[in-house]
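**Q** Once you've had a glance at the structure underneath, I'll fire off some questions.
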Amino acid sequence: MSPGTGRRRTGNGAALVAALLACPFVALGVAVAAGTHPGVPLVPGSLAAFVGFVLISEVHVGRSPVRVSGSRLTARTLTGVRTVDLSAVERVRLLTSFSRGGVSDRVLLVRDRDGVCLGLREAADRRRLCRALERCSTHGPQPRVSRAARAHLGMGADGLGPHTALSWLATVLGLCGYISAVVALAEWVPG
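Counting from 1 along the sequence shown, just add 65 to a position and that's the residue number in our numbering.
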């Protein structure tokens with residue numbers, strides 16, 4: 066698979082989530098244009114937004130089985146097969162999602178110099194990434210690795226506590242702000 070295809074699939078995943086999150090606002094725009102009550106198109110738009118929120122943490126995650134060929138890691142994602150080059154890692158971030166019981170999932174988002182992004186969840190993939198980052202530290206340019214990602218990989222002592230607290234706060238405030246914006250816009254729309 067070419068890097069351009071992987072980069073396109075990365076962009077398609079981000080565009081899919083953005084489109085789903087925009088659905089309630091589009092639905093309200095359609096209601097205004099059609100002169101109908103905003104509640105009618107808002108229901109399917111809100112369902113699409115819910116799917117978008119669920120997909121935020123899943124759109125880049127590689128599913129098993131993962132293929133390894135030299136320094137390349139290939140996995141199937143929701144938008145198709147992607148291959149990330151672990152010898153050319155540019156950035157590693159940690160994405161934390163929550164459920165009712167607390168932290169539900171931690172995914173390492175790895176982006177290579179070709180712009181391909183792949184989420185790694187499995188322990189074997191984390192070990193491969195650790196080895197690749199250690200090799201990068203001795204040869205070539207240093208990739209940007211967040212403090213939380215380093216801590217999750219076992220390469221640093223601190224970073225998970227503040228990251229988890231900030232992720233939880235961003236999740237709660239983001240959801241509240243998003244819902245408030247949709248509700249405020251729906252009340253503003255004459256119906």
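A virtual CB, placed ideally from N, CA and C, is assigned to each residue, including glycine.
What is the DSSP secondary structure of Leu257, counted as helix, strand or coil?
**A** What is shown of the chain runs 66 to 256, which leaves residue 257 out entirely.
**Q** Can you check DSSP and say which residues form a bridge with Asp150?
**A** Answer by DSSP bridge pairing, in chain order: Arg137.
**Q** Could you round the C-beta distance between Val157 and Ser211 to whole angstroms and report it? I think they count as a contact, below 8 Å.
**A** Rounded, the Cβ-Cβ distance is 7 Å, consistent with contact.
**Q** Would you give the residue range spanned by the beta strand (DSSP E) that Gly184 belongs to?
**A** Element bounds for Gly184: 182-185.
**Q** Over the uninterrupted alpha helix (DSSP H) stretch that includes Leu250, give me the two end residues.
**A** Per DSSP, Leu250 belongs to the alpha helix (DSSP H) from 225-253.
**Q** Check each candidate in Val172, Arg196, Leu231 and name the one with the smallest Cα separation from Glu123.
**A** The candidate whose alpha carbon is nearest that of Glu123 is Val172.
**Q** What are the boundary residues of the alpha helix (DSSP H) that Ala216 is part of?
**A** First-last of the alpha helix (DSSP H) with Ala216: 212-218.
**Q** Rounded C-beta distance between Leu93 and Ala249? I'm assuming under 8 Å.
**A** That pair is no contact at about 11 Å.
**Q** Sort Ser152, Val108, Arg196 by Cα distance to Ala96 and report the nearest one.
**A** Considering only alpha carbons, the answer is Val108.
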